[in-house]
Amino acid sequence: MTSVARRLGRVVPLPNLRLRLNPPRFDTPEAAARGVDEVVFVTTPEVTKIEVRAFLERAHGVGVERVHTANYEGKKKRDRGGFHRRADYKKVYVTLKERWFPPEAFRVKPPPTAGTAGTGTTTDASS
Numbered sequence: 033m034t035s036v037a038r039r040l041g042r043v044v045p046l047p048n049l050r051l052r053l054n055p056p057r058f059d060t061p062e063a064a065a066r067g068v069d070e071v072v073f074v075t076t077p078e079v080t081k082i083e084v085r086a087f088l089e090r091a092h093g094v095g096v097e098r099v100h101t102a103n104y105e106g107k108k109k110r111d112r113g114g115f116h117r118r119a120d121y122k123k124v125y126v127t128l129k130e131r132w133f134p135p136e137a138f139r140v141k142p143p144p145t146a147g148t149a150g151t152g153t154t155t156d157a158s159s
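Be aware that the sequence shown starts at 33, since it is given in my numbering, and climbs by one per residue.
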């Protein structure tokens with residue numbers, strides 16, 4: 033027995049999830065070249081592990097091995113107008129079945145070498 037929406041072809045299989053990817057932490061460029069097998073997302077507290085797994089597997093075609101979550105309360109802040117709170121959030125730790133290589137924007141940039149750094153002195157060949 034199928035639903036009316038499925039028979040009419042109006043099924044939206046994925047929920048509207050707001051997943052924000054936290055950049056992976058790399059100590060060296062070699063670590064970035066090896067890739068990562070665990071990524072961290074930040075989302076709203078209502079999102080479940082099952083929804084995250086289904087979203088990543090269906091929408092992005094990523095194999096998910098394990099999903100862990102942690103709920104956090106928003107920070108309490110004091111301002112001229114009194115006290116207020118930032119929104120609560122949930123961190124989602126996803127272990128992938130295969131290694132993932134992050135985009136260039138997430139990679140560690142090597143520090144400049146001593147020879148290429150500007151020293152502020154100039155040499156003139158004519159003097």
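Each residue gets a CB set at the ideal place from its N, CA and C atoms; glycine is no exception.
If residue i sits next to residue j, beta carbons under 8 Å apart, how far is it from one beta carbon to the other, in whole angstroms?
i      : j     : result
Arg98  : Thr80 : About 14 Å; that fails the 8 Å criterion.
Pro134 : Pro56 : 6 Å
Arg131 : Gly67 : 4 Å
Asn103 : Pro77 : 6 Å
How should residue i be labelled, buried or exposed, when 16 other C-beta atoms within 10 angstroms of its C-beta is the threshold for buried?
i     : result
Ala65 : exposed
Phe87 : buried
Phe73 : buried
Tell me which residue opens and which closes the alpha helix (DSSP H) that residue i is part of.
i     : result
Leu51 : Careful: Leu51 lies outside any alpha helix (DSSP H) and carries neither H nor E.
Phe87 : Lys81 to Ala91
In the DSSP assignment, what are the bridge partners of residue i?
i      : result
Leu128 : Val96
Thr101 : Val124
Does the beta carbon of residue i fall short of 7 Å from some heavy atom of the ligand NAD?
i     : result
Ala86 : With respect to the ligand NAD, the structure shown offers nothing to examine, as it has no ligands at all.
Would you kindly report the start and end of the unbroken beta strand (DSSP E) that includes residue i?
i      : result
Val68  : Val68 to Thr75
Lys108 : Lys108 to Asp111
Phe115 : Gly114 to Arg117
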